[in-house]
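Asker:
Protein chains: 2
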Amino acid sequence: MRARQRAIVLVSGGLDSCVTAAMAARAHELALLHATYGQRTAARERRAFEEIADALGVPAERRCVIDLGFLAELGGSALTDATLELPHGPPGREIPITYVPFRNAHLLAAGVSWAEVIGASSVWIGAVEQDSSGYPDCRAAFFGAFERAVRLGAREGQRLRIEAPLVALSKAEIVRRGLALDAPLQLTWSCYRSTDLACGRCESCWLRREAFRLAGASDPLAYAE
Amino acid sequence: MRARQRAIVLVSGGLDSCVTAAMAARAHELALLHATYGQRTAARERRAFEEIADALGVPAERRCVIDLGFLAELGGSALTDATLELPHGPPGREIPITYVPFRNAHLLAAGVSWAEVIGASSVWIGAVEQDSSGYPDCRAAFFGAFERAVRLGAREGQRLRIEAPLVALSKAEIVRRGLALDAPLQLTWSCYRSTDLACGRCESCWLRREAFRLAGASDPLAYAE
Numbered sequence: 000m001r002a003r004q005r006a007i008v009l010v011s012g013g014l015d016s017c018v019t020a021a022m023a024a025r026a027h028e029l030a031l032l033h034a035t036y037g038q039r040t041a042a043r044e045r046r047a048f049e050e051i052a053d054a055l056g057v058p059a060e061r062r063c064v065i066d067l068g069f070l071a072e073l074g075g076s077a078l079t080d081a082t083l084e085l086p087h088g089p090p091g092r093e094i095p096i097t098y099v100p101f102r103n104a105h106l107l108a109a110g111v112s113w114a115e116v117i118g119a120s121s122v123w124i125g126a127v128e129q130d131s132s133g134y135p136d137c138r139a140a141f142f143g144a145f146e147r148a149v150r151l152g153a154r155e156g157q158r159l160r161i162e163a164p165l166v167a168l169s170k171a172e173i174v175r176r177g178l179a180l181d182a183p184l185q186l187t188w189s190c191y192r193s194t195d196l197a198c199g200r201c202e203s204c205w206l207r208r209e210a211f212r213l214a215g216a217s218d219p220l221a222y223a224e
Numbered sequence: 000m001r002a003r004q005r006a007i008v009l010v011s012g013g014l015d016s017c018v019t020a021a022m023a024a025r026a027h028e029l030a031l032l033h034a035t036y037g038q039r040t041a042a043r044e045r046r047a048f049e050e051i052a053d054a055l056g057v058p059a060e061r062r063c064v065i066d067l068g069f070l071a072e073l074g075g076s077a078l079t080d081a082t083l084e085l086p087h088g089p090p091g092r093e094i095p096i097t098y099v100p101f102r103n104a105h106l107l108a109a110g111v112s113w114a115e116v117i118g119a120s121s122v123w124i125g126a127v128e129q130d131s132s133g134y135p136d137c138r139a140a141f142f143g144a145f146e147r148a149v150r151l152g153a154r155e156g157q158r159l160r161i162e163a164p165l166v167a168l169s170k171a172e173i174v175r176r177g178l179a180l181d182a183p184l185q186l187t188w189s190c191y192r193s194t195d196l197a198c199g200r201c202e203s204c205w206l207r208r209e210a211f212r213l214a215g216a217s218d219p220l221a222y223a224e
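Top to bottom, those sequences are chains A and B.
Reading the first sequence from the start, the letters are residues 0 to 224 in numbering that gives the first Met the number 0.
Reading the second sequence from the start, the letters are residues 0 to 224 in numbering that gives the first Met the number 0.
This is the structure we're talking about:
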């Protein structure tokens, strides 16, 4: 028997999922799941995923990369449709055009399917409800409801947990947790637009820089402006 | 404005989803979603999907075929892993090896994502709880829980319904409903194993033949034995 229970962590390659993986690693054997879905910066995020997995010592057999390219085909988001303009600066009051319809349900379902195959006991997602873009699939209430659906719809659902440890934290607090855990934040990628030098202006760059600023920490990433 | 609300129906190409589409067509404008996921009979099911869509008069722009090939990569099911043997005859008491881990969550999530893009008000699934293989993701309780998750996690979730009109019906009753609605049952494909002549022996063929027998109706499909 394994000494530690296995946890699947959804790792996009961004700041939040990197901190989430570092948190899960304290008490679990990690298995990391990454998805591409036709988003603009897919290749750069994939590289960040592999580098974070290397840094956390996760072997190849506990890494999984899946293709959710149909999300881009279905459309409806500026993340996957280059003809739509990406917003700049802080989030507004509306759900932004970068929302990918019901994306987190697909990611969580993939985590659950893999958990059933490899015998993991939890699926971790680095979603943030506060200080975020206001995506409806990043809310704590959604994760609670999804966990109940897993309990009723998956073979091992009764013993499977959905963990969203950042959901109620501020972005600054997430940076502080990451630094305290020595998470490899220098390997993460947040920019929605660029794949070489982060643009510094898109909503995701804005949220990240603000987080480091409020945490009184220096962001290891360089920015174009 | 459209006179009728739009309904997305998950159409595998099998008997149950065909009857479900015919039921939804009575009061909705149909949009049909089909998924391939590396299952043995994917090409045959795809053909059945297109022929059913033709018969129901659904134009190309309201058909969508998505690739969930990662379900086969994750493994764990005899439907997607040809090295595992398919069971014969009636379902047993255990969840069978043909269970694809949490598959219906992926199908429903895809339906919800598409619904958000094209403005549909419901997602229909032809799952059957009674007279079935005992898959946990075919239970009415799961669909209720998933609908609550949609309500909390999708942008238009408040007005999106998950409809599983067959879930409490017997297979014989499903055949009777299909015949009453003049659903194109002759175009459906149920066999888990073959793609030319239905094997007549796998669990899915067994359930289908028993349904027609109990309904006192003749199955338009030919069988190898």
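For glycine and all other residues, C-beta sits at the position ideal for the given N, C-alpha and C.
Run through chain A and tell me which residues come within less than 8 Å of B/F48, C-beta to C-beta.
Answerer: Per Cβ cutoff of 8 Å: no residues; B/F48 is ~15 Å from chain A at best.
Asker: So is A/S16 buried or exposed if we call it buried at 16+ other beta carbons inside 10 Å?
Answerer: Classification of A/S16: buried, given that the 10 Å Cβ count is 16 or more.
Asker: Would the C-beta of A/L151 count as close to the ligand GTP, meaning under 7 Å from any of its heavy atoms?
Answerer: This structure does not include the ligand GTP; it has no bound ligands of any sort.
Asker: In angstroms, rounded to a whole number, what distance separates the CA positions of B/T40 and A/G88?
Answerer: Going by the C-alpha atoms only, they are around 49 Å apart.
Asker: Would B/W123 count as contacting chain A if we go by Cβ distances under 8 Å?
Answerer: For B/W123, the answer is no, since every Cβ of chain A falls outside 8 Å of its Cβ.
Asker: At least one CB of chain A closer than 8 Å to the CB of B/R138: is that the case?
Answerer: B/R138 counts as touching chain A.
Asker: Take A/G143 and list the residues in its own chain whose beta-carbon comes closer than 7 Å to its own, dropping the five residues that flank it on each side.
Answerer: Closer than 7 Å at Cβ, skipping near neighbours: no residue.
Asker: Using DSSP bridges, identify the partner residues of A/C63.
Answerer: For A/C63, which the question treats as bridged, DSSP gives the partners A/L32.
Asker: Is there a Cβ from chain A that is less than 8 Å from the Cβ of B/G37?
Answerer: Chain A, which has no Cβ nearer than 8 Å to the Cβ of B/G37, makes this no.
Asker: Taking the runs of the alpha helix (DSSP H) that are 4 residues or longer, which of them lie wholly in the segment 63-89 of chain A?
Answerer: Counting only runs of 4 or more, we get 69-73.
Asker: At a CB distance below 8 Å, what residues from the segment 68-90 of chain A approach chain B? Give them in sequence order.
Answerer: Under the 8 Å Cβ criterion, the segment 68-90 of chain A contributes G68, F69, L70, E72, L73, G74, G75.
Asker: Please tell me whether A/A54 and A/L29 are closer than 8 Å, where the distance is taken between their beta carbons.
Answerer: Contact: no.
Asker: May I ask which residues mark the beginning and end of the alpha helix (DSSP H) holding B/L206?
Answerer: It spans 202-214 - the alpha helix (DSSP H) in which B/L206 sits, taken as one unbroken run.
Asker: Listing by chain order, which chain A residues have their CB less than 8 Å from the CB of B/F141?
Answerer: The answer, in chain order, is A148, L151, G152.
Asker: Taking 6 Å as the limit between beta carbons, can you name the residues of its chain near A/F48, skipping five residues before and five after?
Answerer: The residues are V10, G12, H33.
Asker: Going by C-alpha distance, which of A/Q157, A/E128, A/E93, A/K170 is nearest A/G118?
Answerer: Cα-wise, what sits closest to A/G118 is A/Q157.
Asker: Does the distance from the CB of B/Y191 to the CB of B/L78 come in under 8 Å?
Answerer: Against a cut-off of 8 Å, the Cβ pair of B/L78 and B/Y191 comes out as a contact.
Asker: Using Cβ-Cβ distances below 9 Å, what residues of the segment 106-136 of chain B are close to chain A?
Answerer: Within the segment 106-136 of chain B, the residues whose Cβ lies closer than 9 Å to some Cβ of chain A are L107, A108, A109, V111, S112, W113, A114, E115, V116, I117, Y134, P135, D136, listed in chain order.
Asker: So, is B/T82 buried or exposed, given that buried needs 16 or more other C-beta atoms within 10 angstroms?
Answerer: Counting Cβ neighbours within 10 Å, B/T82 comes out exposed, since fewer than 16 surround it.
Asker: Measuring alpha carbon to alpha carbon, tell me which residue in B/G125, B/Y134, B/R160, B/A20 is nearest B/L168.
Answerer: The candidate whose alpha carbon is nearest that of B/L168 is B/G125.
Asker: State the beta-bridge partners of B/A197 as determined by DSSP.
Answerer: Paired residue(s): B/Y222.
Asker: Using only CA atoms, which one of A/D130, A/G152, A/L67 lies nearest to B/D136?
Answerer: Nearest option by C-alpha distance: A/G152.
Asker: So, using beta-carbon positions, are B/S203 and B/F211 closer together than 8 Å?
Answerer: Contact flag unset, no.
Asker: Kindly identify the DSSP beta-bridge partner or partners of A/W123.
Answerer: Per DSSP, A/V8, A/E162.
Asker: Which bits of chain B does A/Y98 rub up against, with CB to CB less than 8 Å?
Answerer: Those are R154, listed as they occur along chain B.
Asker: Specify, as a first and last residue, the run of the alpha helix (DSSP H) that A/A114 falls within.
Answerer: 102-117 is the extent of the alpha helix (DSSP H) around A/A114.
Asker: Give me the chain B residues within the contact set of A/L59, using Cβ-Cβ distance strictly less than 9 Å, ordered along the chain.
Answerer: Reading off the sequence shown, one finds Ala at residue 59 of chain A, where the question assumed Leu. Within chain B, no residue comes near A/A59; the closest Cβ sits about 14 Å away, beyond 9 Å.
Asker: Who are the neighbours of A/D66 on chain B, taking C-beta pairs under 8 Å?
Answerer: Those are D66, G68, F69, listed as they occur along chain B.
Asker: Indicate whether at least one CB of chain B lies closer than 8 Å to the CB of A/F211.
Answerer: No - not a single Cβ of chain B is within 8 Å of the one on A/F211.
Asker: Using a Cβ cut-off of 8 Å (strictly closer), state whether A/A104 contacts chain B.
Answerer: By this cut-off, A/A104 is an interface position.
Asker: Skipping 5 residues on each side, what residues in its chain have a beta carbon closer than 7 Å to that of B/D232?
Answerer: Since the first residue shown for chain B is 0 and the last is 224, residue 232 of chain B is missing from the structure and cannot be characterised.
Asker: Is it buried or exposed for A/E146, if we count other Cβ within 10 angstroms and need 16 for buried?
Answerer: Buried, because 16 or more other Cβ atoms sit within 10 Å of the Cβ of A/E146.
Asker: Mind the definition here: the segment 97-116 of chain A touches the segment 91-106 of chain B only if three or more C-beta pairs lie below 8 Å; say whether that holds.
Answerer: The segment 97-116 of chain A, when compared against the segment 91-106 of chain B, does touch it at the 8 Å Cβ threshold.
Asker: Is the Cβ of B/I94 closer than 8 Å to any Cβ of chain A?
Answerer: Closer than 8 Å to some Cβ of chain A, the Cβ of B/I94 qualifies, so yes.
Asker: Which value, in whole angstroms, describes the spacing of the CA atoms of B/R138 and B/E162?
Answerer: Each residue's alpha carbon lies about 12 Å from the other.
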